[in-house]
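Trainee:
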Amino acid sequence: MKIKTFLSIIIVLLLLGSTTSVFANEGYAMLEYLSKGSEVEKLQQELQKRDYYQGAIDGIYGINTENAVIKFQIDNKLRIDGIAGSQTQSALFNSSQPSKGSTSSANTYSQDDLYWLARIIEAEAGSEPYNGKVAVGNVILNRVKSKEFPNTVYGVIFEYYGSIPQFSPVANGSIYNNPSQESIQAAKDALNGANPVGNATYFFNPAKASGSWIVKNKTYLSKIGGHAFYA
């Protein structure tokens, strides 16, 4: 009888523990691309309050909402996937962090840096996801910091090996196209320290080029959108 009572107590305690665990993890529903409903509306409202989202509060997790989440994840050093899971929502709703527009970090870059970085991002990654745009900006800035490359944004972008430019937009003239607002923002974020690719100094699109020299001589880091990044 005592054994049965003891076992019953253990079972009850285990059930209580598992129930507590379930409730602890139920704080936020996972929201992702094409999610809909009132939870998405709340997400959009909070992102808008912090100057990450400028779209309609329509309860539809579209590309603009996904990009806003990615920007928030970059700024808060969270996993960059565009998905508003429990970690991202907890940081968004529970922190007292000021809005993006009111941050006090000093901009140490020049307008010339921003001008050219936004244009190379647009030319190389205009159709890439937002964090892919930031990543291309990171490659340029990582080269600026490296002794192997010129020490200015302009110098890196317009570097030639022999008679061949390092970046195809310089060769085909697309470097002079006006960048989108998203490419400009990606350039600003990269210049302000956002970095989804670490110390990458090379990238290429495997669907468009073999990148054989890079693959043989450099270390693969990650793939974002259509670009593979190497250091």
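Going by mature numbering (1 follows the signal peptide of the UniProt record, and there is no 0), the letters in the sequence shown line up with residues -24 to -1, 1 to 207, in that order.
We put the CB at the ideal spot given by N, CA and C, even for glycine.
For Q24 and G61, I'd like the C-alpha separation in whole angstroms.
Mentor: Position 48 of the sequence shown holds residue 24. Position 85 of the sequence shown holds residue 61. Their Cα atoms are separated by approximately 18 Å.
Trainee: By Cβ distance, which residues of its chain are closer than 7 Å to L129, with the 5 residues on each side in sequence left out?
Mentor: Within the sequence shown, residue 129 is the residue found at index 153, counting from 1. In the sequence under discussion, the amino acid at residue 129 is Val, which differs from the Leu named in the question. For V129, where only same-chain residues beyond five positions count, the Cβ hits under 7 Å are D89, W92, L93, I116, V120.
Trainee: Note down, in chain order, each residue of its chain lying with its Cβ closer than 6 Å to the Cβ of A44, except the 5 sequence neighbours on either side.
Mentor: As a position in the sequence shown, residue 44 is number 68, starting the count at 1. So the list reads L23, Y28, Y29, once near-sequence residues are dropped.
Trainee: Provide the residue span of the alpha helix (DSSP H) that contains I39, from first to last.
Mentor: Along the sequence shown, read from residue 1 onward, the residue named residue 39 stands at position 63. Unbroken alpha helix (DSSP H) run through I39: 39 to 51.
Trainee: For G77, count neighbouring Cβ atoms within 10 angstroms of its own Cβ and tell me buried if that reaches 16, exposed if not.
Mentor: In the sequence shown, counting from the first residue as 1, residue 77 sits at position 101. Because the pLDDT of G77 is 45, which lies under 50, any placement of that residue in the model is unreliable, and the number read from its coordinates should be weighed accordingly. Classification for G77: exposed.
Trainee: Can you tell me which of the three DSSP states S86 falls into?
Mentor: What you label residue 86 is simply residue 110 of the sequence shown in a count that begins at 1. Here S86 sits in coil by DSSP.
Trainee: If you drop the 5 nearest sequence neighbours on each side, which residues of the same chain put their C-beta closer than 7 Å to that of L197?
Mentor: The residue labelled residue 197 in the question sits at position 221 within the sequence shown. Counting only Cβ-Cβ distances below 7 Å, and skipping sequence neighbours, we find V173, G174, A176, F205, Y206, A207.
Trainee: Go through its chain and collect everything with a Cβ distance to N40's Cβ below 6 Å, but skip five positions before and after it.
Mentor: Here residue 40 is taken as the residue at index 64 of the sequence shown, counted from 1. Correct list, in chain order: G31.
Trainee: Can you tell me whether V(-3) is buried or exposed, with buried defined as 16 or more other CB within 10 angstroms of its CB?
Mentor: Position 22 of the sequence shown, counted from the start, is the residue given in the question as residue -3. Per-residue confidence for V(-3) stands at a pLDDT of 35, beneath the threshold of 50, marking its modelled position as unreliable; no derived number is given.
Trainee: Let me confirm a value: T195 is counted as buried when at least 16 other C-beta atoms fall within 10 Å, else exposed. Which label applies?
Mentor: Position 219 of the sequence shown, counted from the first residue, corresponds to residue 195. Answer is exposed; the Cβ neighbour count stays below 16.
Trainee: Per the contact definition of three or more C-beta pairs closer than 8 Å, is the segment 139 to 148 in contact with the segment 156 to 172?
Mentor: Flag = no, the segment 156 to 172 and the segment 139 to 148 do not touch.
Trainee: Rounded to whole angstroms, what is the Cα-Cα separation between I140 and K53?
Mentor: Position 164 of the sequence shown, counted from the first residue, corresponds to residue 140. Position 77 of the sequence shown, counted from the first residue, corresponds to residue 53. Roughly 37 Å separates the two Cα atoms.
Trainee: Buried or exposed: which applies to G138, given that a residue is buried once 16 or more other Cβ atoms fall within 10 Å of its Cβ?
Mentor: Here residue 138 corresponds to residue number 162 of the sequence shown, with the count starting at 1. Looking at its Cβ environment, which holds fewer than 16 other Cβ atoms inside 10 Å, G138 is exposed.
Trainee: Quick test of your reading: A183 and G202, contact by CB under 8 Å. State the CB separation rounded to the nearest angstrom.
Mentor: Position 207 of the sequence shown holds residue 183. Position 226 of the sequence shown holds residue 202. Yes, they are in contact, since the Cβ atoms of A183 and G202 sit about 6 Å apart, within 8 Å.
Trainee: If distances are taken between C-alpha atoms only, which option among E15, Y9, I50, F179 comes closest to A170?
Mentor: Translated into positions along the sequence shown, residue 170 becomes position 194. Minimum Cα distance to A170 is reached at I50.
Trainee: Tell me the residue span of the beta strand (DSSP E) that contains S198.
Mentor: Residue mapping note: residue 198 aligns to position 222 of the sequence shown, counting from 1. S198 -> beta strand (DSSP E) spans 196 to 200.
Trainee: Does the beta-carbon of N193 have 16 or more other beta-carbons within 10 angstroms, so that it is buried, or is it exposed?
Mentor: Position 217 of the sequence shown, counting from 1, holds the residue named residue 193. N193 is exposed by the Cβ-count criterion.
Trainee: For N114, does the count of other Cβ atoms within 10 angstroms reach 16, so buried, or fall short, so exposed?
Mentor: Looking up residue 114 in the sequence shown gives position 138. The residue in question, N114, is buried, as its Cβ has 16 or more Cβ neighbours within 10 Å.
Trainee: By the 10 Å Cβ neighbour count, where 16 or more other Cβ atoms means buried, how is W189 classified, buried or exposed?
Mentor: Locating residue 189 in the sequence shown gives position 213, where the first residue counts as 1. With fewer than 16 other Cβ atoms within 10 Å, it is exposed.
Trainee: Which residues mark the beginning and the end of the beta strand (DSSP E) in which F69 is found?
Mentor: Counting from 1 along the sequence shown, the entry for residue 69 is found at position 93. It is not in any beta strand (DSSP E) - F69 instead sits in the alpha helix (DSSP H) that spans 62 to 70.
Trainee: Given a threshold of 16 other Cβ atoms within 10 Å of its Cβ, counted over all protein chains shown, does S11 qualify as buried or as exposed?
Mentor: Position 35 of the sequence shown, counted from the start, is the residue given in the question as residue 11. Burial call: buried.
Trainee: Could you check the C-alpha separation between G35 and G131 for me, to the nearest Å?
Mentor: Taking the sequence shown and counting its residues from 1, one reaches residue 35 at position 59. Taking the sequence shown and counting its residues from 1, one reaches residue 131 at position 155. Approximately 45 Å, taken between the alpha carbons.
Trainee: Can you say whether E100 is buried or exposed, counting buried as having 16 or more other CB atoms within 10 angstroms of its CB?
Mentor: Locating residue 100 in the sequence shown gives position 124, counting from the first residue. Buried is the call here.
Trainee: May I have the straight-line CA-CA distance separating Y107 from F69, to the nearest angstrom?
Mentor: In the sequence shown, the residue the question calls residue 107 occupies position 131. In the sequence shown, the residue the question calls residue 69 occupies position 93. Looking at the sequence provided, one finds Asn at residue 107 rather than Tyr. So the two alpha carbons sit approximately 22 Å from each other.
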